[in-house]
Amino acid sequence: AQKITQTQPGMFVQEKEAVTLDCTYDTSDQSYGLFWYKQPSSGEMIFLIYQGSYDEQNATEGRYSLNFQKARKSANLVISASQLGDSAMYFCAMREAETGANNLFFGTGTRLTVIP
Amino acid sequence: ETGVTQTPRHLVMGMTNKKSLKCEQHLGHNAMYWYKQSAKKPLELMFVYNFKEQTENNSVPSRFSPECPNSSHLFLHLHTLQPEDSALYLCASSQVRPMNTEAFFGQGTRLTVV
Chain F
1 AQKITQTQPG
11 MFVQEKEAVT
21 LDCTYDTSDQ
31 SYGLFWYKQP
41 SSGEMIFLIY
51 QGSYDEQNAT
61 EGRYSLNFQK
71 ARKSANLVIS
81 ASQLGDSAMY
91 FCAMREAETG
101 ANNLFFGTGT
111 RLTVIP
Chain W
1001 ETGVTQTPRH
1011 LVMGMTNKKS
1021 LKCEQHLGHN
1031 AMYWYKQSAK
1041 KPLELMFVYN
1051 FKEQTENNSV
1061 PSRFSPECPN
1071 SSHLFLHLHT
1081 LQPEDSALYL
1091 CASSQVRPMN
1101 TEAFFGQGTR
1111 LTVV
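Chains as they are written, first to last, in the working numbering: chain F, 1 to 116; chain W, 1001 to 1114.
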């Protein structure tokens, strides 16, 4: 079974608008971490934001915030005030405590296109 | 400059060739990984090394052979590959602990098997 599901293959957003990228996950662990990465056309994966399963507050990092709904097992990324440079692939990933703290499982990604 | 450098950036090889991918990190990390990224599929974790010891091998065919001579270098040796092995191969590194430590990725090697 997929551990990370990203149901939006592609998303479009107008420049300066906000956009939400969906991510749901599947785990039986109580302790896990959720990550979002950005992959521009250059290929490298750039870390954006992290949410721990025990964190009570939603994570925020500049224009990025995470809408963490633990009961629904979702960790959606919200990008506010979109910029043209935000056009890229976005990946949600999870690390589970029981399988080892350094195995990152990724979803299929969402391609975000920011329209001028 | 991400701190993780992969060479070569592009590689075209025949099915009978032998080649190696190289990854180098100068971030002081003690874990290194190989991922395979194919179109429309999740990133596939291939190998994990913690403190130079291999801890994960996710049913990867033996035509892929990793080597981690020290904590800063990671290789992926390739031989008798198949066309379906064409993909972007990404190397990453991180600290083993704590849980919230992010992995840093290289820019990848775009491999084409002909």
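By construction, the Cβ of each residue, glycine as well, lies at the ideal position given by its N, Cα and C atoms.
When the alpha-carbon of Ile49(F) is set against those of Ser41(F), Arg63(F), Pro40(F), Ser42(F), the nearest one is in Arg63(F).
By the neighbour-count criterion, in which a residue is buried when 16 or more other Cβ atoms sit within 10 angstroms of its Cβ, Gly1108(W) is buried. For chain W, the residues of the stretch 9-43 of chain F that bring a beta carbon within less than 9 Å of one of its beta carbons are Pro9, Ser31, Tyr32, Gly33, Phe35, Tyr37, Gln39, Ser42, Gly43, in chain order. DSSP places Leu1074(W) within a strand segment (E or B) once states are collapsed to three. At the C-beta level, Leu34(F) and Gln51(F) come within 7 Å of one another.
Around the beta carbon of Glu61(F), fewer than 16 other beta carbons sit within 10 angstroms, so the residue counts as exposed.
DSSP places Met11(F) inside the beta strand (DSSP E), whose first and last residues are 10-14.
Per DSSP, Arg72(F) is not a residue of any beta strand (DSSP E), being assigned neither H nor E.
Along the stretch 1025-1043 of chain W, the positions whose C-beta sits under 7 Å from a C-beta of chain F are Ala1031, Lys1040, Lys1041, Pro1042, Leu1043, read in chain order. Here DSSP, grouped into helix, strand and coil, assigns Leu84(F) to helix.
Judged by beta-carbon spacing, Glu1102(W) lies within the 7 Å limit of Phe47(F), meaning their Cβ atoms are closer than that value.
Restricting attention to Ser1071(W), Ala1092(W), Arg1009(W), the CA atom closest to the CA of Thr1112(W) is found in Arg1009(W). Residue contact check for Met1099(W) against chain F: a CB pair falls below 7 Å. Secondary structure note for Tyr50(F): its beta strand (DSSP E) is the uninterrupted segment 46-52. Taken through DSSP and simplified to helix, strand or coil, Glu1084(W) comes out as helix. Straight-line measurement puts the Cα of Asp26(F) at about 7 Å from the Cα of Lys73(F). For Gly33(F), the uninterrupted beta strand (DSSP E) run begins and ends at 32-39, by DSSP. In this structure the stretch 1010-1017 of chain W does not lie against the stretch 1056-1070 of chain W, because fewer than three pairs of beta carbons, one per stretch, are closer than 8 Å. Between Cys23(F) and the set Asp29(F), Ala59(F), Ser80(F), Leu66(F), the nearest pair of CA atoms involves Leu66(F). For Cys23(F), there is no enclosing beta strand (DSSP E), as DSSP gives it neither H nor E. Here the stretch 1029-1036 of chain W makes contact with the stretch 1046-1063 of chain W; the two share three or more CB pairs at distances below 8 Å. For Met45(F), a Cβ of chain W is located within less than 7 Å of the residue's own Cβ.
In the structure shown, the three-state DSSP call for His1026(W) is coil.
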